[in-house]
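Under numbering that gives the first Met the number 0, think of the first position of the sequence shown as 0, with each following residue one higher.
Read through the structure below, which is laid out as structure tokens, and then see the notes.
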Amino acid sequence: MKAITFTVLFVIVVAVNSAVDFSSCARMDVPGLSKVAQGLCISSCKYQNCGTGSCVRRRGRKTCVCSRCGGGGGSWPSV
């Protein structure tokens, strides 16, 4: 029982301290994953009924910025 408790606590501490960013644009600077990050951002924005989206840096953090949100999403991108 102590081993399970220790393992769970260890996983929680590592997850909190690692500062891993799970946003769709987190890997926008990686050469092979930049297109994937852009596609995930666009898909996320389409889900929010926006026209398109793009990965940008804001306050030092990579984030997805949606635009053309008034008129709806249009067609889904082909990835």
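From the three backbone atoms N, C-alpha and C, an ideal C-beta is built for every residue, glycine too.
Treat the numbers as computed from the prediction; the structure is a model and nothing was measured.
Reference residue i, options the options, closest by Cα
i   : options     : result
Y46 : C68, K1, T6 : C68
Close-in-space but distant-in-sequence residues of the same chain around residue i (CB under 8 Å, 5 per side omitted)
i   : result
R57 : V64
Limits of the unbroken alpha helix (DSSP H) element including residue i
i   : result
G38 : 33 to 46
Contact check, residue i vs residue j, beta carbons under 9 Å
i   : j   : result
S43 : S66 : no
K1  : A25 : no
Assigned secondary structure, residue i (DSSP; H/G/I helix, E/B strand, else coil)
i   : result
R29 : In the sequence on display, residue 29 carries Val and not Arg. Three-state DSSP puts V29 in coil, outside helix and strand.
A18 : Residue confidence for A18 is low, a pLDDT of 49 falling below 50, so the modelled location carries little weight and cannot support an answer.
CB contact check: residue i to chain B, cutoff 9 Å
i   : result
L39 : Considering every chain present, this structure includes no chain B. It has just one protein chain.
Neighbourhood of residue i by C-beta distance below 6 Å, restricted to the same chain and skipping five residues each side
i   : result
S33 : M27
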